[in-house]
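S.K.: Below is one structure. I have some questions about it.
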Amino acid sequence: SKAKVNKDEL
Amino acid sequence: MNIFRLAGDMTHLFSVLVLLLKIHTIKSCAGISLKTQELYAIVFTTRYLDLFTTYISLYNTIMKLIFLGSSISIVWYMRHHKVVRRSYDKDQDTFRHYLLMLPCLLLALLINEKFTFLEVMWAFSLYLEAVAILPQLVLLQRTRNIDNLTGQYVLLLGAYRALYVLNWIYRYFTEENYVHWITWVSGIVQTLLYADFFYYYFQSWKNNVKLQLPA
Chain A
102 SKAKVNKDEL
Chain B
22 MNIFRLAGDM THLFSVLVLL LKIHTIKSCA GISLKTQELY AIVFTTRYLD LFTTYISLYN
82 TIMKLIFLGS SISIVWYMRH HKVVRRSYDK DQDTFRHYLL MLPCLLLALL INEKFTFLEV
142 MWAFSLYLEA VAILPQLVLL QRTRNIDNLT GQYVLLLGAY RALYVLNWIY RYFTEENYVH
202 WITWVSGIVQ TLLYADFFYY YFQSWKNNVK LQLPA
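These protein sequence lines map, in sequence, to chains A and B.
Letter by letter, the first sequence follows residues 102 to 111 in my numbering.
Letter by letter, the second sequence follows residues 22 to 236 in my numbering.
Shown next, in the form of structure tokens:
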């Protein structure tokens, strides 16, 4: 599975 | 951070400033939907729960605190401030916004990135944000005279959403592993809700007449 992307948006 | 994202965040910030300006200096919230403002307060409260768990950047933390604080204080002003609350168009602002929350919650329980409390709340906040502008758009349509600040507020919110879509396109092509289906689909739905408003706003601007939406 894909690497976890940080939720860096507002 | 790319230019679309920064511009999106800044238009979002300006939209909040325009609204606070109207409330603080003119002491009026005429034409502003309390229902939409309450939904935004819930949206930011449920989305920014990660303030307690994940540190991303100082910018990120400060912006989250600004959006949380401003949305909650706008609701407080509209409900409790002795002058501001008198200008609230209560009889026109009749959208039953609580009915939007249940389907959003059910959808979040079904479609999320991971079945944990924070992830379900995060998905819920995105679904709810997508439809949170509806009470405001309905109120605009009912209000015969839309004042400049209210028009600009909605225009800035719409611009913020459109810039976020450009930001996602940019990131998709420049970053590896950047895929956020939930954010994208709900964000595009949200942006489309503004299309009609944009159309009438630019018509009124082009023809230099006061903004009025058809009944």
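Note that CB positions come from ideal geometry on N, CA and C, so glycine has one too.
Please determine if the segment 177 to 190 of chain B and the segment 29 to 44 of chain B are in contact, where contact requires at least 3 C-beta pairs separated by less than 8 Å.
M.R.: At 8 Å Cβ cutoff, the stretches touch.
S.K.: Below 8 Å on the Cβ atoms is my guess for B/Ile44 versus B/Tyr98; work out the distance and round it to an integer in Å.
M.R.: 5 Å
S.K.: Could you list which residues in chain A have their beta carbon closer than 8 Å to that of B/Phe88, in chain order?
M.R.: Per Cβ cutoff of 8 Å: Leu111.
S.K.: Which complete beta strand (DSSP E) runs does the segment 113 to 138 of chain B hold, if anything under 3 residues is left out?
M.R.: none
S.K.: Would you check if the segment 186 to 200 of chain B and the segment 141 to 156 of chain B touch, i.e. whether three or more CB-CB distances between them fall below 8 Å?
M.R.: Of all C-beta pairs linking the segment 141 to 156 of chain B to the segment 186 to 200 of chain B, fewer than three are shorter than 8 Å, placing the two stretches out of contact.
S.K.: Applying a beta-carbon distance threshold of less than 7 Å, which residues of chain A neighbour B/Lys85?
M.R.: Leu111
S.K.: Going by beta carbon distance, what residues of the same chain come within less than 6 Å of B/Val37, once the five residues before and after it are set aside?
M.R.: Ser91
S.K.: Does the distance from the CB of B/Phe219 to the CB of B/Leu158 come in under 8 Å?
M.R.: no
S.K.: What are the boundary residues of the alpha helix (DSSP H) that includes B/Met22?
M.R.: For B/Met22, there is no enclosing alpha helix (DSSP H), since its DSSP letter is neither H nor E.
S.K.: Kindly give me the distance between the Cβ atoms of B/Leu127 and B/Ser207, rounded to whole angstroms, as I take these residues to be in contact under 8 Å.
M.R.: At roughly 14 Å, the Cβ-Cβ gap does not stay under 8 Å, so B/Leu127 and B/Ser207 are not in contact.
S.K.: Give the residues of chain A in contact with B/Trp143, contact being defined as C-beta atoms less than 8 Å apart.
M.R.: Lys108
S.K.: I need the boundaries of the alpha helix (DSSP H) containing B/Phe88, first residue and last residue.
M.R.: 79 to 101
S.K.: For chain A, is any of its Cβ atoms less than 8 Å away from the one on B/Cys229?
M.R.: At residue 229 of chain B the sequence reads Asn, which differs from the Cys that was named. Taking Cβ atoms only, chain A never reaches closer than 8 Å to B/Asn229, which makes this a no.
S.K.: What three-state label does DSSP hand B/Gln233 in the structure shown?
M.R.: Coil.
S.K.: To the nearest angstrom, how far is it from the Cα of B/Lys111 to the Cα of B/Glu134?
M.R.: 38 Å
S.K.: Could you check the C-alpha separation between B/Asn166 and B/Tyr215 for me, to the nearest Å?
M.R.: 19 Å
S.K.: Could you confirm whether any beta carbon from chain A is found closer than 8 Å to the beta carbon of B/Asn23?
M.R.: no
S.K.: Suppose you measure from the CA of B/Phe223 to the CA of B/Gln58; what does that come to, to the nearest Å?
M.R.: 25 Å
S.K.: Mind pulling the chain A residues with CB within less than 9 Å of B/Ile154?
M.R.: In chain A, no part has a C-beta under 9 Å from the C-beta of B/Ile154; the shortest such distance is about 16 Å.
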